[in-house]
Amino acid sequence: MTEEFVRKNVLRLRPYVPGKPIEEVERELGITDIIKMASNENALGPSPKAIEAMKKSLEDVALYPDGNCYQLRLAVAKHCGVEPDNLIFGNGSDDIIHMIGLTFLQQNDECLQGDVTFSQYEAAATLNDCGCCMVPMKDFTFDVDAMADRITENTKLIFIANPNNPTGTMVTQKEMERLLARMPERCFLVMDEAYYEYVESDEYPRSIEWVKEGRNVIVLRTFSKIYALAGLRVGYGIARPDIVGYINRVREPFNVNSVAMAGAIASLEDPDQVKRSRELNSSGKKYLCAEFDRMGLPYSPSEANFIWVDVKKDSVKVFKEMLKRGVIIRTGDIFGAPTHIRVTMGTKEQNERFIAALAEVLA
Ligand SMILES: Cc1ncc(COP(=O)(O)O)c(C=O)c1O
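Take the position in the sequence shown, starting the count at 1, then add 1; the result is the number in the working numbering.
See below:
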């Protein structure tokens, strides 16, 4: 097929580059015993209660799922302290980013984002024929004042991943208040909080309060990260009911499957698993940061379950050498940082194996 058949903005889209799957490395390199520390998954895995609930839900897969996610809606509303009609559910939060783009963006609108951030914001802008203004970050952290300076009469959506992927850095309540104060009524702020359950800082913004105050804010959360349900695909957005209502018009009728709903509801009933995940992450972060200090490798302060490190060498070469040692990480080149890698915190054993392999590769 020739390119003329394809929408011009689709031609400008670049396919998403995911972390390399374990099976692919097994196939390509003929090795086993591989660990994946590349996609910010939770090494502890999901709650056993969620696994039980998902097994049980398999009995009903002949039926369509509840398109309105009634039970999950009640559970998440209670969990977040919001009303059920403040919630929109998606096949992962990726789906919600996509729906937000479809709902609000038209040609000549513009999106604002940092220049090292999650790829799907730009994808949503491009798909909907909009420009995306990439505002340079300061030390890999969003520069909210510079972002506010770049707001024009065309700016429609402002994307903040907090903590940010791939850098793990956080913007504070005070910084966000400054940005909100300069955000005109015709703009929407999308606070993507995929990693918020991992945050340890007490300066983390209370973004749900802005929704309750009636601001143009959409908060995104997911069951893929701390709840370890990435393979199921379930995320949610929190916003004013009128905003939710518009997004709901573009939603596919059954975009969250019944197994995912069962797993997500049961996960919320197991706060101990969340606590264990946070503890594992926190100790892993301390260990890895201490090792990076010892090795003289600069890294960004992380509030997430991964660390953005400058290995001071071509990260693609480092990635390939790490693969040979059975460790999958993420290279920084796709984010425009050719000597950085992003590594997801693993179990104690995985973290130690990663450090041993990295020391060998960098030597
Ligand atoms: C910042 C950010 N937002 C959204 C997502 C998508 O998550 P989900 O699995 O809920 O689609 C990711 C996944 O890596 C992410 O890092």
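Quick reminder that beta carbons are idealized off the backbone N, C-alpha and C, glycines included.
Three-state secondary structure assigned by DSSP to residue i
| i | result |
| --- | --- |
| residue 104 | helix |
| residue 111 | strand |
| residue 143 | coil |
| residue 81 | helix |
| residue 96 | helix |
| residue 355 | helix |
| residue 177 | helix |
| residue 152 | coil |
| residue 332 | strand |
| residue 158 | strand |
| residue 45 | coil |
| residue 55 | helix |
| residue 1 | Residue 1 is absent from the structure shown; the chain starts at 2 and stops at 364. |
| residue 190 | strand |
| residue 237 | strand |
| residue 8 | coil |
| residue 310 | strand |
| residue 38 | coil |
Separation of residue j from residue i, as counted between CA atoms
| i | j | result |
| --- | --- | --- |
| residue 1 | residue 60 | Because the chain here runs from 2 to 364, residue 1 falls outside it and cannot be looked at. |
| residue 176 | residue 363 | 37 Å |
| residue 7 | residue 128 | 12 Å |
| residue 86 | residue 79 | 12 Å |
| residue 144 | residue 178 | 13 Å |
| residue 269 | residue 247 | 27 Å |
| residue 1 | residue 258 | This structure cannot speak to residue 1, because the chain is shown only from 2 to 364. |
| residue 365 | residue 347 | Nothing about residue 365 can be reported from this structure: the residues present for the chain run from 2 to 364 only. |
| residue 150 | residue 109 | 19 Å |
| residue 21 | residue 345 | 13 Å |
Residue i vs residue j beta-carbon contact at 8 Å
| i | j | result |
| --- | --- | --- |
| residue 241 | residue 212 | yes |
| residue 203 | residue 163 | no |
| residue 310 | residue 335 | no |
| residue 304 | residue 198 | no |
| residue 111 | residue 81 | no |
| residue 262 | residue 133 | no |
| residue 54 | residue 195 | no |
| residue 96 | residue 264 | no |
| residue 1 | residue 220 | Residue 1 is absent from the structure shown; the chain starts at 2 and stops at 364. |
Chain B contact for residue i (CB, 8 Å cutoff)
| i | result |
| --- | --- |
| residue 361 | In the structure shown, chain B does not exist; there is a single protein chain. |
Quiz prompt | Meets three-Cβ-pair contact criterion under 8 Å: the region 181-189 and the region 290-299 | solution = no
Quiz item: Quick check: the region 295-303 against the region 97-115, are there 3 or more CB pairs under 8 Å?
Solution: no
Quiz prompt | Below 6 Å from a heavy atom of ligand 1 - residues by beta-carbon | solution = 41, 93, 94, 95, 119, 162, 166, 193, 195, 223, 225, 231, 236
Quiz item: With contact counted as at least three CB pairs below 8 Å, one residue from each stretch, are the region 267-287 and the region 82-91 in contact?
Solution: no
Self-check item: Meets three-Cβ-pair contact criterion under 8 Å: the region 49-64 and the region 187-196
Solution: no
Quiz item: Any chance the region 6-24 sits against the region 226-237, with 3 or more Cβ pairs inside 8 Å?
Solution: no
Quiz item: Does the region 115-134 come close enough to the region 164-172 to have 3 or more Cβ pairs within less than 8 Å?
Solution: yes
Quiz item: When the Cβ atoms of the region 345-361 are set against those of the region 320-328, are three or more pairs found closer than 8 Å?
Solution: yes
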